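In terms of the numbering used here, the sequence shown has 65 at position 51, counting the first letter as 1, and numbering is strictly consecutive. Positions of the beta carbon are idealized from the N, C-alpha and C atoms, including for glycine. These numbers come from a predicted model, not from an experiment. Here's the structure, in structure tokens; my notes come after.
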Amino acid sequence: MTGEELSIAMEKIFEAGALDVYFTPIFMKKNRPAVKLGVIAKKSNLDDVIYSILKWTSTIGIRMVDLNRVEMERKKDDVEVDGKKINIKISSYKDIRRIKAEAEDIKKYIS
Numbered sequence: 015m016t017g018e019e020l021s022i023a024m025e026k027i028f029e030a031g032a033l034d035v036y037f038t039p040i041f042m043k044k045n046r047p048a049v050k051l052g053v054i055a056k057k058s059n060l061d062d063v064i065y066s067i068l069k070w071t072s073t074i075g076i077r078m079v080d081l082n083r084v085e086m087e088r089k090k091d092d093v094e095v096d097g098k099k100i101n102i103k104i105s106s107y108k109d110i111r112r113i114k115a116e117a118e119d120i121k122k123y124i125s
């Protein structure tokens with residue numbers, strides 16, 4: 015597949031409900047260069063994601079691994095800095111707490 019085709023495939027797989035889509039350069043048999051497609055999806059979107067992969071890529075098969083996921087609890091809030099509102103994400107797990115400003119808001123603040 016060309017880079018352009020891979021780009022379209024990535025968009026379509028995200029539209030089908032994938033949480034993440036990524037490419038890894040690899041070598042196949044006889045030292046042929048290739049691209050490995052990695053996709054993370056929830057079980058609730060699995061059929062749509064599989065369909066999208068088979069429709070928008072040249073693959074004829076998919077290998078799947080069932081994984082468990084642990085997520086930090088997340089909530090959003092906003093703070094005011096120099097009269098400008100900045101959205102923040104607050105993540106926590108047990109005694110761990112992280113606060114991070116949204117990148118787009120930081121860009122607006124510094125420009």
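Proximity below 8 Å, CB of residue i to CB of residue j
i       : j       : result
Leu-20  : Phe-41  : no
Lys-103 : Tyr-123 : no
Val-53  : Ile-27  : yes
Ala-32  : Ala-55  : yes
Per-residue burial, residue i [other beta carbons within 10 Å of its own, 16 or more giving buried]
i       : result
Thr-71  : buried
Val-95  : exposed
Val-35  : buried
Ser-106 : exposed
Ile-110 : exposed
Assigned secondary structure, residue i (DSSP; H/G/I helix, E/B strand, else coil)
i       : result
Glu-87  : strand
Leu-33  : coil
Gly-75  : coil
Lys-108 : coil
Integer-rounded CB distance, given that residue j should sit under 8 Å from residue i
i       : j      : result
Ala-30  : Asp-80 : Between Asp-80 and Ala-30 the Cβ distance is about 19 Å, and since that is not below 8 Å, they are no contact.
Asn-101 : Lys-89 : With a Cβ gap of about 11 Å, Asn-101 and Lys-89 do not count as contacting.
Ile-64  : Ile-76 : 6 Å
Span of the alpha helix (DSSP H) around residue i
i       : result
Leu-68  : 60 to 70
Ala-117 : 117 to 124
Residue interval of the beta strand (DSSP E) (run including residue i)
i      : result
Ala-48 : 47 to 54
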